[in-house]
C-alpha cells in the first residue's frame, strides 16, 4: 500500500511498504536541491536518499521495508545568496548615508553673502 500526503508549500510524504529494494519515480520536475529523507516506520531509522534525474522527473532508490519518504526542496546556495544580498543592502545604505552627510556638511560650510 502506498499513500501520498502533500503540503501546500511543496513538501511531500510518500509511505511505501516494499518486500525488496525498488525505484520510486516522482512526477516532479528534476532540479538540483531536491532532497529525500526516509524514515523506517518499523525501526525508526532514518536514511538520506539520493534524488536522481530520470529524464525530466525524479527517481529515488528505496530499500526494502516500510518507509515514509519526505521530499523537500532546498534551493542551492540560498544561504550565500541571502548573505550577498544583506551585504549589498548594508553597503548601499552606507553609501547613501555618506553621500547625505557630505551634502549636509557642504551646505553648512558655504558662507552666505
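Numbering (my numbering), first residue to last: 5 to 117.
Where a beta carbon is used, it is the ideal one built from N, C-alpha and C, also for glycine.
(request) Quick one: give me the first and last residue of the beta strand (DSSP E) that residue 46 is part of. (result) No beta strand (DSSP E) contains residue 46, which DSSP labels as neither H nor E.
(message) Cutting at 6 Å between CB atoms, please list the residues of its own chain near residue 25, excluding the five before and the five after it.
(response) 67 and 68
(message) Looking at the secondary structure, which residues open and close the beta strand (DSSP E) in which residue 30 lies?
(response) 26 to 30
(request) Consult DSSP for residue 54 and reduce its assignment to one of helix, strand or coil. (result) coil
(request) May I ask you to report which of helix, strand or coil DSSP gives residue 23? (result) coil
(message) Can you tell me where the beta strand (DSSP E) holding residue 34 begins and where it ends?
(response) Taken as a continuous stretch (DSSP letters only), residue 34 belongs to no beta strand (DSSP E), as it is neither H nor E.
(message) Could you compute how far the alpha carbon of residue 109 sits from the alpha carbon of residue 100?
(response) 14 Å
(request) Run the CB neighbour count on residue 28, radius 10 Å, all protein chains shown included, and call it buried at 16 or more, exposed below. (result) buried
(request) Take residue 60 and list the residues in its own chain whose beta-carbon comes closer than 7 Å to its own, dropping the five residues that flank it on each side. (result) 33 and 34
(message) Spatial neighbours of residue 1 within its chain, please: C-beta separation below 6 Å, excluding the five flanking residues on both sides.
(response) Because the chain here runs from 5 to 117, residue 1 falls outside it and cannot be looked at.
(request) Would you mind sorting residue 107 into buried or exposed? The rule is 16 or more other CB atoms within 10 Å of its CB. (result) exposed
(request) State yes or no: is the C-beta of residue 38 within less than 8 Å of the C-beta of residue 55? (result) yes
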